[in-house]
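Worksheet for the structure shown next.
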Amino acid sequence: MKTPWALLLIWLFMAVIIVAAYQAPPAEGFSKPEAARIIFFHVPAAISCIVFFGIGAWYAIRVLRLKLPLDDIKSVAALEMGTLMCVLATVTGSIFAYMQWNTPWNWDPRQTTIVAQLLIYAAYFALRGSIPDDRRRMVLSAGYAVFAMATVPFLMIVIPRVFATLHPNNTLISSAGLDPTYKKIFWSAFVGYMAIGLAIMRVRIQAGHLLYRLETERGLEDSGHIAATHRIYGADDLPLVDPAAGVAGSEGHRTG
Amino acid sequence: MTVVAMGLATANSALTPEGQAGLLWVALVFAGVTGLARGFVLEEEQGTADLLRLAARPSAALAGKMLFHGALLLASEVILIPLSLLFLGIHVEDWLIFCVGIINGSIGLAVCVTISGALVARAGSRGSLVGVLSLPVLVPMIAMAVSTTKAGLGAAAATIGWQGNVGMLGWTIAIGAAGFWLFDAIWKE
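Here the protein sequences come in this chain order: U and A.
Going by the working numbering, the first residue of the first sequence is number 3, and it counts up by one from there.
Going by the working numbering, the first residue of the second sequence is number 77, and it counts up by one from there.
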């Protein structure tokens, strides 16, 4: 499906989720039951963030094994989406905390670990920014992405269960957790978040491809080694440079 | 210096065991990050890294550096911890939990900072980047180490102390396994 149509469908889907969130009955057991509807936006953002960090780590593993720039572009795009979802989860969480606990920040283990998670991925982008050489940046940042992913289960699962927290644990998997209406809206919102994130990630990957192609072709054209593009590109779905046709051989070869 | 500064700052105030546990780990992490970061970075700066690449397999080089850093950190703790106990007025209730927590945390600290140091050494910029990369990754371990030390000082139940120790061990294994797996690619790059 073409990206603009997919984005329109996702936009409509999320509009329905927002309406459904306001139609849901107030959640009993909270100090301000009306405000508890923010869980439809806060928790799916937190779960999406873990999923995107996982996708980023998966492509980082591929980078370390295959050294393909295309995988690096995908890894960065996923980690950027993960960081964005992490920021959204933190902001919506602070609003939720202010509504329920009268303070936006109280160093609850879950609040602390999500900030640590943000710092880890901020360090990832700092590392990328500090390496001028393209190939070295690709490999070292992929290494750090894998290293960072090893901390995610501890930050998101272990620590909130070891330390006393105001957040409820196991609400999503326990039968006594969310009621069926809340469950339906909640998981639909998660699907919506993931669809939005994947759509943005796709646009980001396309932009990354384009930039990479422009830089590579410009560099190779300058050095007179256009044919080398075939060896270093490695993308399945991108038109490559045809040495016979010159720089912009859009109908050119593909590599596996 | 860190311990003396902390001792001076808290000279006329009674610290709670929670505060003492936190300050002790600030001193340990400070010693670990500033000292251990020199490992691979120093090899690159002195130009001996290429020789090391020729002489040893990547896993052997990483294991060697980890062992060296772990031993160095434990040796510095032999001085640092008695000084901390003295200057901060720390009273240990359960020596077993306290010592296992310190050893466990130091191993985790050495493993994490060695891998971060390897990443930074291969990057162009050095120095402060080790702290930027390793400190956020260390947060889960420091949180568990502080809870273990609190249990050792009698400010938390022994069960929490042992849970923290198991958590730290798991964290070190996860980080170490990831480190060994990715070091080969980093070291040859």
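We put the beta carbon where it would ideally sit given N, CA and C, even for glycine.
Where GLU265(A) sits in the DSSP three-state scheme: Working through the second sequence from its first residue, we reach residue 265(A) at position 189. Coil, per DSSP.
In the DSSP assignment, find the alpha helix (DSSP H) that holds LYS226(A) and state where it starts and stops. For the purposes of this step, residue 226(A) is taken as the residue at position 150 of the second sequence. Counting along the chain, LYS226(A) sits inside the alpha helix (DSSP H) bounded by residues 205 to 228.
PRO134(A) CB to nearest chain U CB: under 7 Å? The count along the second sequence starts at 1 and reaches residue 134(A) at position 58. No, because no Cβ of chain U sits closer than 7 Å to the Cβ of PRO134(A).
Please classify ARG130(U): does DSSP put it in a helix, a strand, or coil? As a position in the first sequence, residue 130(U) is number 128, starting the count at 1. Helix, per DSSP.
Check the Cβ of GLY145(U) against every Cβ in chain B and list those closer than 7 Å, keeping chain order. Included in the structure are the protein chains U and A, with no chain B among them.
Chain A contacts made by the segment 131 to 158 of chain U, where a contact means CB separation under 7 Å: SER132, ILE133, PRO134, ARG138, VAL141, LEU142, GLY145, TYR146, VAL148, PHE149, ALA150, ALA152, THR153, PHE156 and LEU157
Assuming ALA261(A) and LEU86(U) make a contact with CB atoms under 8 Å, what is their CB distance in whole Å? Along the second sequence, read from residue 1 onward, the residue named residue 261(A) stands at position 185. Along the first sequence, read from residue 1 onward, the residue named residue 86(U) stands at position 84. 27 Å between Cβ atoms; not a contact.
When you compare only the Cα positions, how much space is there between PHE42(U) and HIS169(U)? Indexing the first sequence from 1 puts residue 42(U) at position 40. Indexing the first sequence from 1 puts residue 169(U) at position 167. Approximately 15 Å between the Cα atoms of the pair.
Applying a beta-carbon distance threshold of less than 7 Å, which residues of chain U neighbour LEU84(A)? The sequence position of residue 84(A) within the second sequence is 8, counting from 1. Per Cβ cutoff of 7 Å: no residues; LEU84(A) is ~27 Å from chain U at best.
Are the segment 93 to 103 of chain U and the segment 62 to 78 of chain U in contact at 8 Å, needing three or more beta carbon pairs? Segments in contact, no.
THR190(A) beta carbon less than 7 Å from that of HIS145(A): Working through the second sequence from its first residue, we reach residue 145(A) at position 69. Working through the second sequence from its first residue, we reach residue 190(A) at position 114. Going by C-beta atoms, HIS145(A) is nearer than 7 Å to THR190(A).
Residue range of the alpha helix (DSSP H) that includes ARG139(U): The residue you call residue 139(U) lines up with position 137 of the first sequence. In the DSSP annotation of this structure, the continuous segment of the alpha helix (DSSP H) that includes ARG139(U) starts and ends at 136 to 151.
Looking at the secondary structure, which residues open and close the alpha helix (DSSP H) in which ARG163(U) lies? Within the first sequence, numbered from 1, the residue matching residue 163(U) stands at position 161. Start and end: 161 to 164.
Short check: CB of ALA37(U) to CB of ILE207(U), under 7 Å? Against the first sequence, residue 37(U) aligns to sequence position 35. Against the first sequence, residue 207(U) aligns to sequence position 205. Going by C-beta atoms, ALA37(U) is not nearer than 7 Å to ILE207(U).
In whole angstroms, what is the alpha-carbon distance linking LEU209(A) and SER192(A)? As a first step, residue 209(A) is located in the second sequence; it is residue number 133 there, counting from the start. As a first step, residue 192(A) is located in the second sequence; it is residue number 116 there, counting from the start. Whole-angstrom Cα-Cα distance: 6 Å.
Rounded C-alpha distance that separates GLY210(U) from ASP170(A): The residue you call residue 210(U) lines up with position 208 of the first sequence. The residue you call residue 170(A) lines up with position 94 of the second sequence. When rounded, the distance between both Cα atoms is 56 Å.
What's the C-alpha gap between ALA232(A) and LYS226(A)? For the purposes of this step, residue 232(A) is identified with residue 156 of the second sequence, where counting begins at 1. For the purposes of this step, residue 226(A) is identified with residue 150 of the second sequence, where counting begins at 1. About 6 Å.
Looking at the C-beta of VAL215(A), does it have a partner C-beta in chain U at a distance below 7 Å? As a position in the second sequence, residue 215(A) is number 139, starting the count at 1. So yes, VAL215(A) belongs to the interface.
Rounded to whole angstroms, what is the Cα-Cα separation between PRO162(U) and ARG130(U)? Along the first sequence, read from residue 1 onward, the residue named residue 162(U) stands at position 160. Along the first sequence, read from residue 1 onward, the residue named residue 130(U) stands at position 128. Straight-line Cα distance between these residues: approximately 30 Å.
Pop quiz: ALA197(A) and PHE116(A) are said to be a contact at Cβ under 8 Å. What is the actual Cβ separation, rounded to whole angstroms? Sequence index remark: in the second sequence, residue 197(A) carries index 121 (1-based). Sequence index remark: in the second sequence, residue 116(A) carries index 40 (1-based). At roughly 4 Å, the Cβ-Cβ gap stays under 8 Å, so ALA197(A) and PHE116(A) are in contact.
Would you mind working out which of THR114(U), PHE55(U), PHE54(U) and ALA59(U) sits nearest SER96(U), comparing C-alpha positions? Residue mapping note: residue 96(U) aligns to position 94 of the first sequence, counting from 1. Relative to the Cα of SER96(U), the nearest Cα in the group THR114(U), PHE55(U), PHE54(U) and ALA59(U) belongs to THR114(U).
Using a beta-carbon distance cut-off of less than 9 Å, what residues from the segment 108 to 122 of chain U approach chain A? PRO111, THR114, THR115, VAL117, ALA118, GLN119, LEU120, LEU121 and ILE122
Select from GLY207(A), VAL154(A) and LEU84(A) the residue whose C-alpha is nearest the C-alpha of VAL105(A). Position 29 of the second sequence, counted from the first residue, corresponds to residue 105(A). It is GLY207(A) whose Cα lies nearest to the Cα of VAL105(A).
Using a Cβ-Cβ cut-off of 7 Å, state whether VAL18(U) counts as contacting chain A. Taking the first sequence and counting its residues from 1, one reaches residue 18(U) at position 16. Output row for VAL18(U): interface = no.
Count the other CB atoms within 10 Å of the CB of THR92(A); is the residue buried (16 or more) or exposed (fewer)? If you number the second sequence from 1, residue 92(A) lands on position 16. Under this definition THR92(A) is an exposed residue.
Could you have a look at LEU10(U) and say whether DSSP puts it in helix, strand or coil? Along the first sequence, read from residue 1 onward, the residue named residue 10(U) stands at position 8. The answer is helix: DSSP assigns LEU10(U) an H, G or I state.
Could I get the ranges of all uninterrupted alpha helix (DSSP H) runs contained in the segment 107 to 147 of chain A, with 4 residues as the minimum, in chain order? 114 to 122 and 125 to 131
Taking Cβ-Cβ distances shorter than 9 Å, what residues in chain A pair up with LEU66(U)? Within the first sequence, residue 66(U) is the residue found at index 64, counting from 1. Under the 9 Å cutoff, chain A gives TRP257, LEU258, ASP260, ALA261 and ILE262.
Can you give me the Cβ contacts of PHE32(U) inside the same chain, cut-off strictly under 8 Å, excluding the 5 residues immediately before and after it? On the first sequence, position 30 is the one that residue 32(U) refers to. So the list reads ALA38 and GLN102, once near-sequence residues are dropped.
Which listed residue (ALA8(U), TYR195(U), HIS44(U) and MET151(U)) has its alpha carbon closest to that of LEU81(U): Within the first sequence, the letter at position 79 stands for residue 81(U). Of the candidates ALA8(U), TYR195(U), HIS44(U) and MET151(U), the one whose C-alpha sits nearest the C-alpha of LEU81(U) is MET151(U).
Taking Cβ-Cβ distances below 7 Å as the criterion, which residues of the segment 57 to 86 of chain U are in contact with chain A? LEU66
Let me know the secondary structure DSSP gives LEU44(U) once reduced to three states. One-based indexing of the first sequence puts residue 44(U) at position 42. It should be pointed out that residue 44(U) corresponds to His in this sequence rather than to Leu. In the structure shown, HIS44(U) sits in a helix (DSSP, three-state: H, G or I).
Just mark TRP7(U) as buried or exposed, buried being the case when its beta carbon has 16 or more other beta carbons within 10 Å. Here the question's residue 7(U) lines up with position 5 in the first sequence. By the Cβ-count criterion, TRP7(U) is exposed, with fewer than 16 other Cβ atoms from all chains shown falling within 10 Å of its own Cβ.
Tell me, to the nearest whole angstrom, how far the beta carbon of LEU120(U) is from that of CYS88(U); I am working on the premise that it is less than 8 Å. Here residue 120(U) refers to the residue found at position 118 of the first sequence. Here residue 88(U) refers to the residue found at position 86 of the first sequence. Correct: roughly 5 Å between the Cβ atoms.
Are the C-beta atoms of PRO212(A) and some chain U residue less than 7 Å apart? Walking along the second sequence from the start, residue 212(A) turns up at place 136. Yes - at least one Cβ of chain U is within 7 Å of the one on PRO212(A).
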